[in-house]
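Only one structure is covered here, and it is reproduced in the block below.
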Amino acid sequence: MTGPQPSQQPGPSHTPQPPGPPGAPSEQPPPSGPSDEILRSTVRLARLAFSAAAASVFLRDEDRGLLVFEASSGVGEDHLVGSAIPEGHGIAGWVAGTGETMIVRGVTEDDRFDREFALSTGLVPDVVMAVPMEHAGEVIGVLEVLDPKTDGIGDLDAMDLLAELAHQSTAALVLILERRRAEAESAALAAPAPAGPASSDPVARLRAVLAAATGPRAATARTLVETLADLLEQQQHVDHEQHVDHEQHVDHEQHVDHGQHLDHEQRDGR
1 MTGPQPSQQP GPSHTPQPPG PPGAPSEQPP PSGPSDEILR STVRLARLAF
51 SAAAASVFLR DEDRGLLVFE ASSGVGEDHL VGSAIPEGHG IAGWVAGTGE
101 TMIVRGVTED DRFDREFALS TGLVPDVVMA VPMEHAGEVI GVLEVLDPKT
151 DGIGDLDAMD LLAELAHQST AALVLILERR RAEAESAALA APAPAGPASS
201 DPVARLRAVL AAATGPRAAT ARTLVETLAD LLEQQQHVDH EQHVDHEQHV
251 DHEQHVDHGQ HLDHEQRDGR
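This note's numbering numbers the first residue of the sequence shown as 1 and each following residue consecutively.
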């Protein structure tokens with residue numbers, strides 16, 4: 001993680017247009033567990049520590065290209081969890097993409113600020129502070145605080161404190177990711193195999209594997225599987241052409257043999 005950025009950055013505001021209607025959830029919140037409670041405690045602590053209006057943890061969903069509200073405290077906490085914003089948009093998206101901490105003041109002055117979305121959450125902030133949540137060298141989430149009070153400690157110390165909170169709770173986010181990947185894999189294994197000839201079709205089998213792909217390498221797996229599928233389809237076409245050529249060659253040879261046999265019979269008749 002690089003050093004904090006205490007001044008306004010050129011990235012978008014923290015309130016991008018979501019993939020559906022403003023504030024609409026992307027999915028139902030999953031069942032709670034100990035890891036979820038740790039994240040809820042983290043956002044409550046972050047909000048209270050900075051006397052902020054709200055705090056949230058975003059989970060990075062690379063498969064769908066989204067940042068999902070995983071936990072929230074303060075304004076909007078009753079409906080934000082489970083909703084999502086497009087990855088790469090807003091302050092949270094900028095932090096997720098760069099791995100840098102940042103604080104933006106006067107965010108409502110930014111032309112990229114989406115006031116309609118902010119109003120749908122119940123809060124139009126003036127200050128946004130956000131830090132990445134990293135694991136094994138990759139950003140897997142973002143901890144964001146809206147309208148924090150940093151007058152007593154200063155922006156740099158405030159971001160250091162928020163970064164420490166994010167570091168301490170990243171393990172919980174990792175456990176949530178692993179749990180969901182395991183659930184997705186179990187669901188894929190439990191799914192019935194395709195019936196009939198399609199189950200032996202190599203292209204269909206590759207596409208089935210692609211459908212079950214999860215995790216940060218899913219995009220790479222998708223490209224690889226699609227390439228293999230294209231190669232197999234091309235090979236099937238080549239095999240078919242070779243088969244047709246072989247049949248035509250056999251027919252030609254048979255015709256030639258038949259003609260030679262007739263010539264031989266005619267010579268014998270003379």
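All C-beta atoms in this analysis are idealised placements derived from N, C-alpha and C, irrespective of residue type, glycine included.
I want to see whether chain C comes within less than 8 Å of residue i, judged by CB atoms only; does it?
| i | result |
| --- | --- |
| Gly-97 | No chain C is part of this structure, which consists of one protein chain only. |
Could you check where the alpha helix (DSSP H) with residue i kicks off and where it finishes?
| i | result |
| --- | --- |
| Ala-190 | 155-190 |
| Pro-125 | Counting along the chain, Pro-125 falls outside any alpha helix (DSSP H), and DSSP gives it neither H nor E. |
| Glu-77 | Taken as a continuous stretch (DSSP letters only), Glu-77 belongs to no alpha helix (DSSP H), as it is neither H nor E. |
| Ser-41 | 34-49 |
Contact check, residue i vs residue j under 8 Å by CB: the rounded distance?
| i | j | result |
| --- | --- | --- |
| Gly-97 | Ile-85 | Between Ile-85 and Gly-97 the Cβ distance is about 13 Å, and since that is not below 8 Å, they are no contact. |
| Pro-104 | Ile-91 | A small fix is needed here, since residue 104 is Val in this sequence, not Pro. With a Cβ gap of about 6 Å, Val-104 and Ile-91 count as contacting. |
| Leu-123 | Thr-42 | The Cβ separation is near 19 Å, so there is no contact. |
| Glu-144 | Ser-56 | 5 Å |
In the DSSP output, what is residue i paired with across the bridge?
| i | result |
| --- | --- |
| Asp-61 | Leu-66 |
| His-135 | Glu-138 |
| Ala-71 | Val-57 |
| Pro-86 | Leu-66 |
| Arg-105 | Val-127 |
Tell me whether residue i is buried or exposed, calling it buried when 16 or more other Cβ atoms sit within 10 Å of its Cβ.
| i | result |
| --- | --- |
| Gly-76 | buried |
| Pro-48 | Contrary to the premise, residue 48 reads as Leu rather than Pro in this sequence. Leu-48 is exposed by the Cβ-count criterion. |
| Leu-146 | buried |
| Leu-189 | exposed |
| Ala-71 | buried |
| Pro-132 | buried |
| Leu-67 | buried |
| Asp-36 | buried |
| Ser-51 | exposed |
| Ser-73 | buried |
| Gly-87 | Per the sequence shown, the amino acid found at residue 87 is Glu instead of Gly. That one is buried. |
| Arg-115 | exposed |
| Asp-157 | exposed |
| Ala-53 | buried |
| Ala-191 | exposed |
| Ala-136 | exposed |
| Ala-187 | exposed |
Considering residue i, what are the terminal residues of the beta strand (DSSP E) in which it resides?
| i | result |
| --- | --- |
| Leu-146 | 138-146 |
Report the option in the options whose CA atom is closest to the CA atom of residue i.
| i | options | result |
| --- | --- | --- |
| Glu-138 | Ala-130, Leu-119, Ala-182, Glu-100 | Glu-100 |
| Asp-61 | Leu-177, Gln-235, Ala-191 | Leu-177 |
| Ser-120 | Val-128, Asp-78, Gly-152 | Asp-78 |
| Asp-126 | Gly-33, Leu-156, Pro-148 | Pro-148 |
| Leu-276 | Glu-109, Ile-140, Asp-157, Gln-168 | Nothing can be reported for residue 276: it is not among the residues displayed for the chain, which extend from 1 to 270. |
| Ala-172 | Ile-140, Ser-186, Val-95, Met-102 | Ile-140 |
| Glu-134 | Val-128, Leu-161, Val-95 | Val-95 |
| Ile-38 | Asp-160, Thr-170, Ala-184, Thr-108 | Thr-170 |
| Arg-181 | Arg-40, Phe-58, Asp-63, Ala-54 | Asp-63 |
| Met-129 | Gln-234, Thr-150, His-89 | Thr-150 |
| Leu-59 | Leu-175, Gln-235, Glu-185 | Leu-175 |
| Met-102 | His-89, Ala-184, Phe-69, Met-159 | Met-159 |
| Val-142 | Gln-234, Phe-69, Arg-179 | Phe-69 |
For the ligand NAD, any of its heavy atoms closer than 7 Å to the Cβ of residue i?
| i | result |
| --- | --- |
| Ala-96 | The ligand NAD is not among the ligands present in this structure, which contains no ligands whatsoever. |
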